[in-house]
Amino acid sequence: MNGRGWRNLTASPIDSGAGSRRLDARMRRLLDLMYQPVSPRSIRRRVRTRRVVRGLLLAFGTILAILVVPGLVRPESATAETPRPVAVDTPRPEVVPRPVAASPPRASAESEALLKRRIQRAMNDIDFGKGVIAVSVRACDDGSGPGRELVAIEADRSMVPASNLKVVTTGAALHELGPDFQFETRVIRVGDDYVLLGDGDPALGDPAFFDLLRFRDRNGERRELDEEALLGFWVDAIIRDHRRRNGGESAPLPPINIVIDDSIFESKGWHDGWNPNDRLKRYAAEVGGLNFHRNTFHFRPDASGGGTPDWSDMRPAAPWILAGSRNRSTRVGKNGKPSGWISRTPTSNKLTFRGGVKGRFSEQQAPLELTIHDPGMMLGKLLANRIEQAGLEVAAIRRGSVENAEQAATVGPVIRSPIDRIVERCNEQSQNLYAEALLKRTVHERRDVPGRWSDADSTIQEIARERLGPESARLVEGLKIEDGSGLSRDNRVTASFITAWLDSFDDDPALRELFVESLSTGGDPDDGTLGRRFRDLPNGWRVDGKSGYISGVSTLSGFVTGPDGRRWTFSVLCNGVAANVRGAKALQERVAREIANHGRDS
Numbered sequence: 029m030n031g032r033g034w035r036n037l038t039a040s041p042i043d044s045g046a047g048s049r050r051l052d053a054r055m056r057r058l059l060d061l062m063y064q065p066v067s068p069r070s071i072r073r074r075v076r077t078r079r080v081v082r083g084l085l086l087a088f089g090t091i092l093a094i095l096v097v098p099g100l101v102r103p104e105s106a107t108a109e110t111p112r113p114v115a116v117d118t119p120r121p122e123v124v125p126r127p128v129a130a131s132p133p134r135a136s137a138e139s140e141a142l143l144k145r146r147i148q149r150a151m152n153d154i155d156f157g158k159g160v161i162a163v164s165v166r167a168c169d170d171g172s173g174p175g176r177e178l179v180a181i182e183a184d185r186s187m188v189p190a191s192n193l194k195v196v197t198t199g200a201a202l203h204e205l206g207p208d209f210q211f212e213t214r215v216i217r218v219g220d221d222y223v224l225l226g227d228g229d230p231a232l233g234d235p236a237f238f239d240l241l242r243f244r245d246r247n248g249e250r251r252e253l254d255e256e257a258l259l260g261f262w263v264d265a266i267i268r269d270h271r272r273r274n275g276g277e278s279a280p281l282p283p284i285n286i287v288i289d290d291s292i293f294e295s296k297g298w299h300d301g302w303n304p305n306d307r308l309k310r311y312a313a314e315v316g317g318l319n320f321h322r323n324t325f326h327f328r329p330d331a332s333g334g335g336t337p338d339w340s341d342m343r344p345a346a347p348w349i350l351a352g353s354r355n356r357s358t359r360v361g362k363n364g365k366p367s368g369w370i371s372r373t374p375t376s377n378k379l380t381f382r383g384g385v386k387g388r389f390s391e392q393q394a395p396l397e398l399t400i401h402d403p404g405m406m407l408g409k410l411l412a413n414r415i416e417q418a419g420l421e422v423a424a425i426r427r428g429s430v431e432n433a434e435q436a437a438t439v440g441p442v443i444r445s446p447i448d449r450i451v452e453r454c455n456e457q458s459q460n461l462y463a464e465a466l467l468k469r470t471v472h473e474r475r476d477v478p479g480r481w482s483d484a485d486s487t488i489q490e491i492a493r494e495r496l497g498p499e500s501a502r503l504v505e506g507l508k509i510e511d512g513s514g515l516s517r518d519n520r521v522t523a524s525f526i527t528a529w530l531d532s533f534d535d536d537p538a539l540r541e542l543f544v545e546s547l548s549t550g551g552d553p554d555d556g557t558l559g560r561r562f563r564d565l566p567n568g569w570r571v572d573g574k575s576g577y578i579s580g581v582s583t584l585s586g587f588v589t590g591p592d593g594r595r596w597t598f599s600v601l602c603n604g605v606a607a608n609v610r611g612a613k614a615l616q617e618r619v620a621r622e623i624a625n626h627g628r629d630s
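FYI, the numbering for the sequence shown is 29 to 630, going by this note's numbering.
Here's what the structure looks like:
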């Protein structure tokens, strides 16, 4: 059961290159707990990638296979062929046995003192001017409570964490929601209204996952999932349900109403502590109880012909927005430099296309992105537009809150997003929208109120006290949580808190691998934000961590793991270092390297 009391539907077999098989979410989690990768980096990455793909296919594709039933097609194109999701040709992951439990990283007092001196020397070697540096290194000892803190330099000073805060947000979400939690988005029927009921899922319609999922359309053709196919599943279901309730195929259909229920989160989607200059940028999208397509529009303009550039390649397509937009962009010549961009006012989706466009954007090029204002209502309008394109009139689109939603009839597919892939994308790719949705969903789960930023600090502090034991009162003293992503400069953490927090997940068998695997791996170019760093560690040593950056702030926290499984947590928080961000990153890497050298020699 999830937070709203809905019963999970059983996954049915799906067609895959490896043959049909039946696994539900709990069995997948059991397998993940039974089998974890060994230390070689190539094996670890391959297993994790396949695990994510498998989770996507089973948790997403199979639900569509259940609920996209015969006849669930638009009236004008109904055929006997039923759209059927199928898996990508992905082999099953290798079964890799769990390593034998390692002994705790116990070293002599002299060796540990030497580690502290080397880190202090590394700090002294770099000129940070008036910048402040805080460092904590903690041994992941066996037993309850935080491991021993081997290095503590300004470790109790409150510091701005930037995106390092995501390790707190994702950890709190796993603690509160559990490793088997799934976000669920559905359409329900209440009277004559069709209600799009949100659960705060940040991954709904995220293009990053489209190339992992395919389905067979009504003509039997194999297609990649995209935002139009996703909307189409609900459109088909609504039309079929409405026709069934109003006399069948031959009867005229009365108009319907679309209701948006995103009340699981507060209506406030933009945080007051964020830089207002970032409002239109993809990394600062509004967050809502209903999110879609990362809450951004994607544009691929075309200036290959004569005249004004064409901006009609818009995803998700919103023709009424294009019709009301202004095009002030110009065509750039052969030797010109492209500078195209899009603007809107902060509280509307009225667009203006600006700058110079050169040639035609291809599918291989990254699109120009613009954040969406009020993503929940936008999703409702997109759904209504597709319904009307299919021939059914929509009388009204409005926002509302449905009481006893669990008792209403579900219409069409329930779209589920497992928390493990949400946490991994949040930490590995530093997705701010995902972090804010996880934070607000955690607040909702604990407080039973709409998830809101004003409850973030008290909620995280409660969870921290539960995880950190007797030392928690001291460790949370410097904590101040304003948002989930770290975009706000008003967030505060201490390096000592971060290492204790990370250590609590190493001590947690149910969450350890999920949490550690969600972090970026140093030196692996396919593994997130640390892919180009930490390439000079001793052989067999690994760094899994989360970096953070906003102007003047550079942070890094994570785990250093030896080939024998011994592990340390570390946190290097650098504030006021705008003039030497490169030096801050060099220090962070040197701290991790010194930990590895210490472990190798002890």
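Note that CB positions come from ideal geometry on N, CA and C, so glycine has one too. Computed from a predicted structure; not experimentally measured.
Tell me whether residue i counts as near the ligand ATP, meaning its Cβ is closer than 7 Å to at least one heavy atom of that ligand.
i           : result
residue 266 : This structure does not include the ligand ATP; it has no bound ligands of any sort.
Mapping DSSP to helix, strand and coil, what is residue i?
i           : result
residue 299 : coil
residue 8   : The shown model of the chain, from 29 to 630, leaves out residue 8, and the question about it has no answer.
residue 485 : helix
residue 397 : strand
residue 448 : helix
residue 205 : helix
residue 420 : coil
residue 168 : coil
residue 574 : strand
residue 362 : coil
residue 322 : helix
residue 534 : helix
residue 522 : coil
residue 562 : coil
residue 375 : coil
Taking the alpha carbon of residue i as the reference point, which residue from the options has its own alpha carbon closest?
i           : options            : result
residue 191 : 625, 624, 600, 614 : 600
residue 542 : 572, 431, 226      : 572
residue 319 : 434, 211, 162      : 211
residue 431 : 612, 290, 282      : 290
residue 326 : 224, 398, 468, 484 : 398
residue 288 : 183, 375, 407      : 407
residue 185 : 602, 278, 360      : 602
residue 548 : 563, 465, 456      : 456
residue 188 : 593, 207, 516      : 516
residue 300 : 374, 282, 227      : 374
Just how far apart, CA to CA, sit residue i and residue j?
i           : j           : result
residue 507 : residue 365 : 46 Å
residue 370 : residue 379 : 7 Å
residue 346 : residue 609 : 41 Å
residue 363 : residue 350 : 29 Å
residue 537 : residue 181 : 30 Å
residue 584 : residue 604 : 15 Å
residue 143 : residue 626 : 6 Å
residue 383 : residue 341 : 17 Å
residue 321 : residue 343 : 8 Å
residue 312 : residue 251 : 31 Å
residue 148 : residue 598 : 14 Å
residue 458 : residue 439 : 34 Å
residue 237 : residue 449 : 10 Å
residue 545 : residue 442 : 27 Å
residue 205 : residue 596 : 26 Å
residue 463 : residue 481 : 12 Å
residue 233 : residue 241 : 12 Å
residue 216 : residue 268 : 13 Å
residue 390 : residue 153 : 47 Å
Strictly by DSSP, which residues pair up with residue i?
i           : result
residue 330 : 338, 388
residue 546 : Residue 546 pairs with nothing; no bridge assigned.
residue 180 : 164
residue 381 : 355, 370
residue 252 : 242
residue 603 : 160, 581
residue 437 : 217
residue 210 : 446
residue 260 : None, per the DSSP bridge assignment.
residue 225 : 214, 289
residue 187 : 521
residue 425 : 286
Check: When the Cβ atoms of the region 486–497 are set against those of the region 184–203, are three or more pairs found closer than 8 Å?
Finding: With a cut-off of 8 Å, the region 184–203 and the region 486–497 count as touching, because enough Cβ pairs lie within range.
Notebook entry, point to check: Okay, do the region 433–440 and the region 525–532 touch, 3+ Cβ pairs below 8 Å being the bar?
Noted result: Touching, no.
Item checked: Given 8 Å, three or more beta-carbon pairs between the region 409–428 and the region 155–164 -> Too few Cβ pairs lie closer than 8 Å, so no.
Check: Okay, do the region 233–247 and the region 255–264 touch, 3+ Cβ pairs below 8 Å being the bar?
Finding: A contact exists between the region 233–247 and the region 255–264.
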